[in-house]
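There are 2 protein chains.
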Amino acid sequence: MARTPQTQLAVLGALSIEPMTGYRLRAEIVQTLGHFWHESFGQVYPALSALQAEGLVERAEAGGGSGTPFRITAAGRRRLRELLGEPFQQPPPRDQLLLRLFFGDQVPADLVRRWLTEALTGAEEDRARYERLRTELEAEAAAEAAAGGARGARFRLVTVLAGLHGAQARVRWAQEALALLEEGGAPAAGPAGTA
Amino acid sequence: MARTPQTQLAVLGALSIEPMTGYRLRAEIVQTLGHFWHESFGQVYPALSALQAEGLVERAEAGGGSGTPFRITAAGRRRLRELLGEPFQQPPPRDQLLLRLFFGDQVPADLVRRWLTEALTGAEEDRARYERLRTELEAEAAAEAAAGGARGARFRLVTVLAGLHGAQARVRWAQEALALLEEGGAPAAGPAGTA
DNA sequence: AGGACCATGTAAAAAGTTACATGATTCA
DNA sequence: TGAATCATGTAACTTTTTACATGGTCCT
């Protein structure tokens with residue numbers, strides 16, 4: 071059984087760029103799609119078997135030593151386009167941090183402050199990473215445009231921009247939230263912080 | 071079996087504010103936490119049974135006709151605080167839209183444009199809704215501060231601000247992405263659009 | 001020879017959704 | 001009386017994670 075159209079989509083999409091072993095496929099998904107997607111081995115291997123059974127991918131006997139890569143077939147490319155054309159919906163949200171903050175009046179003020187400062191730090195790191203990625207991808211996209219060949223970098227850039235805007239929003243929000251709770255909240259307890 | 075600490079947390083948290091039937095509990099979660107949380111009946115009822123078996127909630131024989139509400143016990147409040155104190159992690163992301171956009175060079179330009187305009191419209195609607203909620207909650211929070219009593223509105227405001235910043239970021243991103251793909255992209259195909 | 005990493009898979013458990021079945025209450 | 005909504009629950013299914021088992025390759 072194909073695990074799910076979603077996993078199929080991710081796997082076929084990745085293989086449409088380059089043939090890969092299951093192991094590397096998963097590594098690429100983690101590294102390259104990691105900002106917005108995730109798959110575990112427990113999904114990738116069964117998905118590959120199912121896709122192979124349907125003739126959408128095939129093993130490409132590699133001379134090289136390690137593992138046999140999978141290659142997408144013509145039918146697989148058709149299926150990929152088909153999947154991309156189907157309507158989709160975002161799953162219902164489940165934000166652990168916001169759930170806890172909602173009940174923030176039930177916990178010590180220090181804990182809430184910690185949640186928010188950690189969120190702020192994380193968001194700032196994300197923002198910096200996305201900035202770097204953006205610079206790289208803008209150069210790549212410009213090169214592609216000049217060469218008139220592949221178009222992929224533009225779309226990868228769009229996904230990175232989503233991450234960047236999101237990270238910026240989280241930074242602003244965390245700062246605003248900290249200020250809001252400070253103002254009129256209980257004063258910081260004890261000499262524990264570094265700030 | 072308690073479905074999960076997460077569902078437990080949401081259920082105990084909601085009951086810490088007010089006793090409710092399972093049905094209304096779920097409705098409140100959808101309406102009030104809906105921006106960042108979700109539970110289905112299939113989780114709420116088993117979770118309530120499990121919590122009752124552990125003595126964390128109890129049924130409060132209501133004189134009124136419909137259903138018997140659940141009420142949180144003292145042990146339940148302790149457990150809630152305990153759960154709120156435990157470390158947590160955000161689950162790995164799975165963004166259907168970004169996954170599809172990443173492979174955007176494999177689909178017609180019109181489809182990509184549609185994805186982005188729909189995302190833009192949705193984000194604008196979200197933004198307007200969050201703006202309204204913010205106005206309401208700012209008033210509530212001010213009233214609470216003046217009265218010196220409950221503190222809940224400030225935390226609810228913080229969660230709404232998260233939604234607002236996120237929606238604003240999605241609006242900016244979608245606009246930027248549309249502009250980016252227009253510039254140098256294939257011209258719009260056919261006289262189908264309204265723009 | 002040994003450690004790190006590449007590679008392939010399976011099995012069990014957890015988490016969550018969806019659909020179904022059933023009945024009470026309220027309101028027009 | 002009939003429809004809408006409130007209410008409670010179960011069962012089957014889907015999806016996903018986690019942990020385990022196993023062996024190859026490459027580098028030192």
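The listed protein sequences correspond, in order, to chains A and B. Residue 71 is where the first sequence starts when you use my numbering, and the numbers rise one by one after that. Residue 71 is where the second sequence starts when you use my numbering, and the numbers rise one by one after that. No residue lacks a Cβ here, since even glycine has one placed at the ideal position from N, Cα and C. Computed from a predicted structure; not experimentally measured.
Residue burial classification, residue i (beta-carbon count within 10 angstroms, cutoff 16)
i	result
R148/A	exposed
Q238/A	buried
E195/A	exposed
P139/B	buried
M71/B	The pLDDT assigned to M71/B is 40, lower than 50, so where the model puts this residue is not dependable; a value taken from the coordinates is nonetheless given after this. By the 10 Å Cβ count, M71/B comes out exposed.
T205/A	exposed
F111/B	exposed
P161/B	exposed
T229/B	buried
P89/B	buried
G83/B	buried
R197/B	buried
T74/B	exposed
A209/B	exposed
R202/B	exposed
A211/B	buried
A232/B	buried
L207/A	buried
P257/A	Note that P257/A scores 47 on pLDDT, short of 50, meaning its location in the model is unreliable; the coordinates nonetheless yield the value given after this. Per the 10 Å Cβ criterion, exposed.
Partner residues on chain B for residue i, Cβ-Cβ distance less than 9 Å
i	result
G218/A	None at all; the shortest Cβ gap to chain B is about 10 Å.
A209/A	Those within 9 Å of A209/A in chain B number zero; the least Cβ separation is about 14 Å.
G146/A	What G146/A touches in chain B: nothing, since even the nearest Cβ is about 12 Å away.
When the options are compared against residue i, the one with the closest alpha-carbon
i	options	result
W243/A	G236/B, A247/B, W243/B	G236/B
L234/A	G192/A, E246/A, G219/A	G192/A
A249/B	E128/B, L231/B, R202/B, L190/B	L190/B
R141/B	R94/B, A211/B, A216/B, E201/B	R94/B
E188/A	Q245/A, A232/A, E98/A	Q245/A
D180/A	E252/A, L118/A, I99/A	E252/A
R183/B	I99/B, Y200/B, A247/B	A247/B
V114/A	I99/A, E124/A, G104/A	I99/A
L103/A	A217/A, G219/A, Y200/A, A220/A	Y200/A
Interface partners of residue i on chain A, CB under 8 Å
i	result
P89/B	In chain order: nothing, as chain A lies at least about 16 Å away.
S86/B	F173, Q176
R226/B	F172
R242/B	H235
Proximal residues of chain A, C-beta to C-beta of residue i below 7 Å
i	result
T229/B	L168, L171, F172
F106/B	P163, D165, L168, L169
Under 7 Å from the C-beta of residue i: neighbouring residues of chain B
i	result
E246/A	L231
L79/A	L169
A239/A	H235, G236, Q238, A239
R221/A	D175
R151/A	Q176, V177
Rounded distance between the beta-carbons of residue j and residue i, thought under 8 Å
i	j	result
L126/B	A145/B	6 Å
L186/A	S86/A	Their Cβ separation, rounded to whole angstroms, is 41 Å, which puts L186/A and S86/A out of contact at 8 Å.
F158/A	D165/B	About 10 Å separates the two Cβ atoms, so there is no contact after all.
H108/B	P178/A	So it is not a contact: roughly 28 Å between Cβ atoms.
Q122/B	E128/B	7 Å
L118/B	G137/B	Going by Cβ atoms, the distance from L118/B to G137/B rounds to 12 Å, so no, they are not a contact pair.
Any non-hydrogen atom of the ligand ADP closer than 7 Å to residue i Cβ
i	result
L231/B	The ligand ADP is not part of this structure, which contains no ligands at all.
Contact set between residue i and chain A, taken where Cβ atoms lie within less than 9 Å
i	result
G125/B	Near G125/B there are no residues of chain A at all, since even the closest Cβ is about 19 Å away, more than 9 Å.
G83/B	L169, R170, F172, F173, Q176
L352/B	The first residue shown for chain B is 71 and the last is 265, placing residue 352/B beyond what the model contains.
L103/B	L168, L169, F172
Chain-ordered chain B contacts of residue i [CB-CB under 8 Å]
i	result
Q160/A	D165, Q166, L167
G155/A	V177, L181
| Touch test, the segment 225-245 of chain B against the segment 168-175 of chain A, Cβ-Cβ under 8 Å, three pairs minimum | yes
| Stretch pair the segment 75-83 of chain A + the segment 149-156 of chain A: three plus CB contacts closer than 8 Å | yes
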